Amino acid sequence: MSKGHKGSPSSSRASSHAPNTMDHDLREAFMDLGFEEGLGQPLDERELSEYVEEIPTLTPLQICEQLSEYGYVGQDKPRRSMSLMAFRHVQRLRYIHLDGIPADELPPKSNHLLVGPTGCGKTYMVETLFRHILDLPTVLVDITTYSETGYVGQDVTSILTRLLYAADGDVGRAEMGIVCLDEFDKIASGQNNAVFAGAGTTKDISGLGVQRELLKLLESTTVTVPTEFSHSSYQQHLLMSTTNIPFVACGAFSGLKLVTHLFNKEPHIGFTAKTASQAPREIAVSYRQEEMDQTRHFQQYGFLPELIARFDRVIPFQALSEETLTMILRQNLLSSYQREFELAGVELVVDKSVLERVVKQALKRETGARGLRSTLAYMLEDAAFEIYSQPGIQRVEVAFKNGEVAVVTDG
Ligand SMILES: Nc1ncnc2c1ncn2[C@@H]1O[C@H](COP(=O)(O)OP(=O)(O)O)[C@@H](O)[C@H]1O
Ligand SMILES: [Mg+2]
Numbered sequence: 003m004s005k006g007h008k009g010s011p012s013s014s015r016a017s018s019h020a021p022n023t024m025d026h027d028l029r030e031a032f033m034d035l036g037f038e039e040g041l042g043q044p045l046d047e048r049e050l051s052e053y054v055e056e057i058p059t060l061t062p063l064q065i066c067e068q069l070s071e072y073g074y075v076g077q078d079k080p081r082r083s084m085s086l087m088a089f090r091h092v093q094r095l096r097y098i099h100l101d102g103i104p105a106d107e108l109p110p111k112s113n114h115l116l117v118g119p120t121g122c123g124k125t126y127m128v129e130t131l132f133r134h135i136l137d138l139p140t141v142l143v144d145i146t147t148y149s150e151t152g153y154v155g156q157d158v159t160s161i162l163t164r165l166l167y168a169a170d171g172d173v174g175r176a177e178m179g180i181v182c183l184d185e186f187d188k189i190a191s192g193q194n195n196a197v198f199a200g201a202g203t204t205k206d207i208s209g210l211g212v213q214r215e216l217l218k219l220l221e222s223t224t225v226t227v228p229t230e231f232s233h234s235s236y237q238q239h240l241l242m243s244t245t246n247i248p249f250v251a252c253g254a255f256s257g258l259k260l261v262t263h264l265f266n267k268e269p270h271i272g273f274t275a276k277t278a279s280q281a282p283r284e285i286a287v288s289y290r291q292e293e294m295d296q297t298r299h300f301q302q303y304g305f306l307p308e309l310i311a312r313f314d315r316v317i318p319f320q321a322l323s324e325e326t327l328t329m330i331l332r333q334n335l336l337s338s339y340q341r342e343f344e345l346a347g348v349e350l351v352v353d354k355s356v357l358e359r360v361v362k363q364a365l366k367r368e369t370g371a372r373g374l375r376s377t378l379a380y381m382l383e384d385a386a387f388e389i390y391s392q393p394g395i396q397r398v399e400v401a402f403k404n405g406e407v408a409v410v411t412d413g
């Protein structure tokens, strides 16, 4: 694995099909795990229960608190809902594998849809909860890279192949994992393109193909899953059940506000006071719970109502406030820089003016916490340059003055 893949002559084969390079890496990773033919021996039921035994048993409140320990800030309401979902998932696995209760005697698994502006921590929450806190097989997929079976692009069922890889090739463990479908709003059908932003990036012609295929996965069903990422018809397949695999879909749904706005308007006869052009158009819109519970709004947006109905909960995430962004910046980002500089024996002092500036930029661009790291990196670039160029510096102070970054060094 450590042998680099730098431009060896044979790499020219892969050049024309960029979408396959990731799959290739995944396959290699799989081989490295020792599975020559694509699959290991499935764990037996005893080994599976041992595995379930090892999943941390935490109360919803403890899961909430663990999120903070992993640096997750804010989103109090969604955090509670998702911690409860995570708790229920583990509890369900314990009932089935440790107490021997048949799955059909339990409430079914539950899929969640997370709606909120970009960079507000939707994907980050799912990843932290399931991959880091609970250590379950977790895959994050960009659903826009998938297409209907038979079209160019990856088959939707190969999402489960990924989950299989995340479970080191073990079907039993993969069947307890979590799938996060990112950019879910981008698979809205194109029918409303002219009106609604955010629905224009769909790939297959109808836009509904991927949605129809997802319908199958989201319900409790048994799917034939390819064990490799190839398009060969000779590849191996295996059966996988999605009965215990919760799906969490995430999306910004920009433009949905316009739909809810139009729906919620009082019907008028003749002249209407507000037109679509007066509806909210900002990117980082936040939703209230009531707005989320209307399947018909999602239908207008370009989704099959049956698909939206497969989500038991639609959870609105709020745009991160100035205070929350500042906290993320201080706790997660600045502190990691300070630690890095400390290793070089330098104390890094960053003035409030710099942090304010970084947060203002993020608010202006409406990118949530997403752009914080790169803006901070830019602000600290001069300081880092000085520190690493002049040994002996003990303290460096960075401030933002007259529209510029000012660096003062002592040492
Ligand atoms: N509430 C939050 N607390 C801490 N960090 C956050 C939070 N929200 C976003 N971030 C940071 O911003 C990045 C992007 O967030 P992400 O979850 O991918 O956004 P999205 O809501 O678009 O899925 C994360 O990797 C994380 O570093
Ligand atoms: Mg995301």
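Residues in the sequence shown are numbered from 3 upward in steps of one, following my numbering. All C-beta atoms in this analysis are idealised placements derived from N, C-alpha and C, irrespective of residue type, glycine included. In this text the structure is predicted, and so the values were computed from the model without any measurement.
For S288, I'd like the list of residues in its chain whose CB is within less than 7 Å of its CB, leaving aside the five on either flank, ordered along the chain.
G118, P119, P318, Q320, A321
If you run the structure through DSSP and keep just helix, strand and coil, what is T224?
strand
Around ligand 2, what residues have a beta-carbon under 6 Å from a heavy atom of it, in chain order?
K124, T125, D184, C252
Say whether the stretch 185-192 touches the stretch 80-95, bearing in mind that this needs 3 or more beta-carbon pairs closer than 8 Å, one atom from each stretch.
no
Does the distance from the CB of G121 to the CB of Q77 come in under 8 Å?
no
Under 7 Å from any heavy atom of ligand 1, does the C-beta of Q320 make it?
no
Identify every residue that forms a DSSP beta bridge with V250.
H114, C182
Secondary structure of T328, DSSP reduced to three states
helix
Answer with buried or exposed for T223, where buried requires no fewer than 16 other C-beta atoms within 10 angstroms of its C-beta.
exposed
Closer than 7 Å: G257 CB and nearest ligand 1 heavy atom
no
Would you check whether ligand 1 has a heavy atom nearer than 7 Å to the C-beta of T244?
no
Am I right that T125 and V227 are in contact with their C-beta atoms under 8 Å? What's the rounded C-beta distance?
With a Cβ gap of about 23 Å, T125 and V227 do not count as contacting.
Could you pull out every unbroken alpha helix (DSSP H) segment of at least 4 residues lying fully inside the stretch 334-380, listed in chain order?
337-345, 354-367
Of the choices T59, A105, L131, whose alpha-carbon is the least far from that of R82?
L131
Cβ-heavy atom distance, C182 to ligand 1, below 7 Å:
no
Can you name the start and end residues of the alpha helix (DSSP H) that F313 belongs to?
F313 -> not in any alpha helix (DSSP H); beta strand (DSSP E) instead, spanning 313-318.
Note the first and the last residue of the continuous alpha helix (DSSP H) segment covering H99.
78-99
Would you give the residue range spanned by the beta strand (DSSP E) that E399 belongs to?
397-403
Assess, as a yes-or-no matter, whether the stretch 391-401 is touched by the stretch 344-355 under the definition of 3 or more beta carbon pairs within less than 8 Å.
yes
Helix, strand or coil for A408 per DSSP?
strand
By how many angstroms is the C-alpha of R315 removed from the C-alpha of V1?
The chain is shown from 3 up to 413; residue 1 falls before or after that span and cannot be answered.
Quick check: is any heavy atom of ligand 1 less than 7 Å from the C-beta of V141?
no
Considering Cα atoms alone, identify which of Y148, E324, F89 is closest to L216.
Y148
Is the stretch 324-338 in contact with the stretch 368-376, if contact means three or more CB pairs nearer than 8 Å?
yes
Just reading off the beta strand (DSSP E) that L240 is part of, what are its end residues?
239-243
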